[in-house]
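Enquirer: Encoded as C-alpha cells, here's the structure I'll be asking about.
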Amino acid sequence: MSTNKVTLTQFIIEQQRGLPDASGTFTILLNNIVTACKQISHKVNRGQLIDVLGSAESENVQGEVQKKLDIITNDIMVNALNWTGHLAGMASEEIDGLIPIPPEYPKGKYLALFDPLDGSSNIDINLAVGTIFSILRCREGIEPDIEDFLRKGAEQVCAGFVLYGPSTMMVLTTGHGVNGFTLDQDIGEFILTHANMKIPEETSEFAINMSNQRFWEPPVQRYIDECLQGKEGIRGKDFNMRWVASLVADVYRILTRGGVFLYPLDNKDPKKPAKLRIMYEANPMAFIIEQAGGACSTGRERVLDIKPSGIHQRIPLILGSKNEVERIVSYHVE
Ligand code: AHG
Ligand code: MN
Ligand code: MN
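So this is what it looks like as C-alpha cells:
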C-alpha cells in the first residue's frame, strides 16, 4: 500500500507548473474554494445538531423557497472568496445581481460563479447535496459588468463540484481531464483518489424526473419510451433508472459508472420551460463531462457553445455517456 498521498494543493501546483503563464494565483483561488467547501461539508455533516436544517422562509431570485443552508453556504462562499485579491467579481444562484468585491480589497483576474448548495431539496432528508463552481478569466483591474460574466461555457478555465455524500469529494477540471479528491477528515485535506476519470461510452442507465413525462417534447418521449421497452424494444437491452434529484450526485454517478441525465424542456409551467441554470449548473457540469469523455447538449446545441443571455438563465440539460447523448440529439434533429 502506497503512503504517498497527493493532496489537491500539490496536484494543482504540479499541474500549473507545466503551463507557461501560471503565476500561482489560480492555485490560491482554488485553495480558498477548498476552504469554503470544507466549512460547508462540516455544516452539512453537523446538520440539526447546529440547527442549520429547514426552511429560511425566504425566496431567492428564482422564486424558490430558500433553505437555511442555501443562505449559510452562500455566505460561506462569498466570505471565503471576496478578500483574496484574485477575483474581480462573483455571481451566485442565490443572489439577484452580481456580487462585487468590497472596495477595501484588491481585484484580480478571475470571476467565480457558484451554486452554493445544489440539491437543497434533499438536505432535510439527509441525502447527498453539493456545491458547484465555475471560474472565468476577466480583464484585469476592471469592475466587471454583466457582459463580462455572460460568456460561453467553453471559456471556463476551471469547473468543479463538491459532493457532500458518505464521503466528501471534490471533482475538478482545468481543461486537462477530470480528477476526483476525497476529503480526509482527519487531516483536513482533499486527497487524489480518482485520477483521470472517464465516462464509459456505452450505458444502460438513465436519470430523469419521470413525474414530468407528460410535459416533455416528442424526442425525449421517444428516447425514454425506447429505454423502457427494454430487451423487447429497438434498444434490445433493459435499462435501469436512477434519480437522486441532486445534480451533483447524478453527475458523480455518471462519472463513475456511466449513464445519461436529462432535465429536458417541458411545458408544465410556461414561465419556466427549463429548470437548470446555465451559469451555475449546466456550464460547469458540461465542462467536467466533456473533459471526462462524455457529451452535454440541450438537445439542440452543445451547452459549452451557448452565449448566455442572462446570469440566471435556465436551459434544458442532457449529459453523460457520449453515444446516448448523441442519440437523443439525433432524435431532436429528426
Ligand atoms: P438547487 O437545489 O440548486 O435548486 O438545484 C436542484 C436541481 C438539481 O440539483 C436537480 O437535478 C434538480 O433540481 C431536481 O429537480 P426535481 O426537483 O424536479 O427532481
Ligand atoms: Mn442546483
Ligand atoms: Mn442551489
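One point on numbering: in the numbering used here, the residue at position 139 of the sequence shown is 165, and numbering is uninterrupted.
Don't be surprised by glycine CBs; every beta carbon is placed ideally from N, CA and C.
1. Compare the C-alpha of Asn100 against each of Asp144, Gly80, Glu231 and Gly44 and name the closest.
2. Is Glu166 near ligand 3, with its Cβ less than 7 Å from a heavy atom?
3. If distances are taken between C-alpha atoms only, which option among Leu343, Pro142 and Asp174 comes closest to Thr336?
4. Nearest to Leu95 by CA position, among Leu124, Gly80, Leu153 and Asp276, is which residue?
5. At what residues does the alpha helix (DSSP H) containing Ala185 begin and finish?
6. Classify Gln36 as helix, strand or coil using the three-state DSSP reduction.
7. Compute every distance between the C-beta of Glu85 and the non-hydrogen atoms of ligand 2, then say whether any falls below 7 Å.
8. May I have a chain-ordered list of the beta strand (DSSP E) segments no shorter than 3 residues that lie completely inside the segment 56–107?
9. Could you tell me which uninterrupted beta strand (DSSP E) segments, each at least 3 residues in length, are contained entirely in the segment 119–158, listed from first to last along the chain?
10. Any chance the segment 118–137 sits against the segment 163–172, with 3 or more Cβ pairs inside 8 Å?
11. Hey, how far is the Cα of Asp264 from the Cα of Lys224?
12. According to DSSP, which residues form a beta bridge with Tyr289?
13. CB-CB under 6 Å to Ser84, same chain, minus the five flanking residues each way: which ones, in chain order?
14. Considering only residues of the segment 221–276, which uninterrupted alpha helix (DSSP H) runs meet the minimum length of 4 residues and lie entirely inside it, listed in chain order?
15. Would you kindly check if the distance between the Cβ of Ala271 and the Cβ of Asn152 is under 8 Å?
16. My guess is that Pro245 and Tyr357 are in contact by the Cβ rule of under 8 Å, so how many angstroms apart are they, rounded?
17. Are three or more beta carbon pairs between the segment 231–241 and the segment 281–294 nearer than 8 Å?
18. What residue range is occupied by the uninterrupted alpha helix (DSSP H) comprising Met195?
19. Got a sec? Which residues, its chain only, sit under 6 Å from Gly262 by beta carbon, not counting five neighbours each side?
20. Excluding five sequence neighbours on each side, which residues of the same chain lie with their C-beta closer than 6 Å to the C-beta of Tyr278?
21. For Phe187 and Leu254, I'd like the C-alpha separation in whole angstroms.
22. Quick check: does the Cβ of Asp144 come within less than 7 Å of any heavy atom belonging to ligand 3?
23. Leu281 and Met311 - do their beta-carbons sit closer together than 8 Å?
24. In the structure shown, what three-state DSSP assignment does Asp174 receive?
25. In whole angstroms, what is the alpha-carbon distance linking Gly259 and Gly203?
26. List the residues that DSSP assigns as beta-bridge partners of Ser356.
27. I'd like the list of long-range same chain contacts for Glu12, defined as Cβ closer than 7 Å, with 5 residues on each side in sequence excluded.
Expert: In terms of the structure at hand:
1. Within the sequence shown, residue 100 is the residue found at index 74, counting from 1. Asn100 has its Cα closest to that of Asp144, out of Asp144, Gly80, Glu231 and Gly44.
2. Residue numbering aside, residue 166 sits at position 140 when the sequence shown is read from its first letter. No.
3. As a working note, residue 336 is residue 310 in the sequence shown. Before going further, note that residue 336 is Gly rather than Thr in the sequence given. With distances taken between Cα atoms, Gly336 lies closest to Asp174.
4. Position 69 of the sequence shown, counted from the first residue, corresponds to residue 95. Answer by Cα proximity: Gly80.
5. The residue you call residue 185 lines up with position 159 of the sequence shown. The continuous stretches of alpha helix (DSSP H) do not include Ala185, which lies in the beta strand (DSSP E) extending over residues Cys184 to Tyr190.
6. Looking up residue 36 in the sequence shown gives position 10. Of the three classes helix, strand and coil, the one that applies to Gln36 here is helix, per DSSP.
7. Within the sequence shown, residue 85 is the residue found at index 59, counting from 1. Glu85 Cβ: outside cutoff for every heavy atom of ligand 2.
8. Correct list: 81–85 and 91–93.
9. Complete beta strand (DSSP E) runs here, min 3: 136–144.
10. Three or more pairs of CB atoms, one per stretch, sit closer than 8 Å, so the segment 118–137 contacts the segment 163–172.
11. As a working mapping, residue 264 is identified with position 238 in the sequence shown. As a working mapping, residue 224 is identified with position 198 in the sequence shown. About 23 Å.
12. Start at 1 with the first residue of the sequence shown, and residue 289 comes out as number 263. Bridge partners of Tyr289: Leu343.
13. Position 58 of the sequence shown, counting from 1, holds the residue named residue 84. Excluding positions up to five away in sequence, the list reads Gln92.
14. Runs found: 244–255.
15. The residue labelled residue 152 in the question sits at position 126 within the sequence shown. The residue labelled residue 271 in the question sits at position 245 within the sequence shown. Going by C-beta atoms, Asn152 is not nearer than 8 Å to Ala271.
16. As a first step, residue 245 must be located in the sequence shown, where it is residue number 219. As a first step, residue 357 must be located in the sequence shown, where it is residue number 331. Between the beta-carbon of Pro245 and that of Tyr357 there is about 4 Å, and that keeps the pair under the 8 Å contact cut.
17. With a cut-off of 8 Å, the segment 281–294 and the segment 231–241 count as touching, because enough Cβ pairs lie within range.
18. Numbered from 1 along the sequence shown, position 169 holds the residue referred to as residue 195. DSSP places Met195 outside any alpha helix (DSSP H); the residue lies instead in the beta strand (DSSP E), whose first and last residues are Thr194 to Thr199.
19. Indexing the sequence shown from 1 puts residue 262 at position 236. Excluding sequence neighbours, Gly262 sits near nothing in its chain.
20. Numbered from its first residue, the sequence shown carries residue 278 at position 252. For Tyr278, where only same-chain residues beyond five positions count, the Cβ hits under 6 Å are Leu189.
21. Residue mapping note: residue 187 aligns to position 161 of the sequence shown, counting from 1. Residue mapping note: residue 254 aligns to position 228 of the sequence shown, counting from 1. Rounded to whole angstroms, Phe187 to Leu254 spans 31 Å at the Cα level.
22. Sequence index remark: in the sequence shown, residue 144 carries index 118 (1-based). Asp144 Cβ: within cutoff of ligand 3.
23. Residue mapping note: residue 311 aligns to position 285 of the sequence shown, counting from 1. Residue mapping note: residue 281 aligns to position 255 of the sequence shown, counting from 1. Cβ atoms of Met311 and Leu281: not closer than 8 Å.
24. Here residue 174 corresponds to residue number 148 of the sequence shown, with the count starting at 1. If DSSP states are grouped into helix, strand and coil, Asp174 belongs with the helices.
25. Position 233 of the sequence shown holds residue 259. Position 177 of the sequence shown holds residue 203. Straight through space, the alpha carbons of Gly203 and Gly259 are spaced by roughly 36 Å.
26. Numbered from 1 along the sequence shown, position 330 holds the residue referred to as residue 356. Here Ser356 is not bridged, per DSSP, to any residue.
27. In the structure as shown, the chain starts at 27 and stops at 360, and residue 12 therefore has no counterpart that could be examined.
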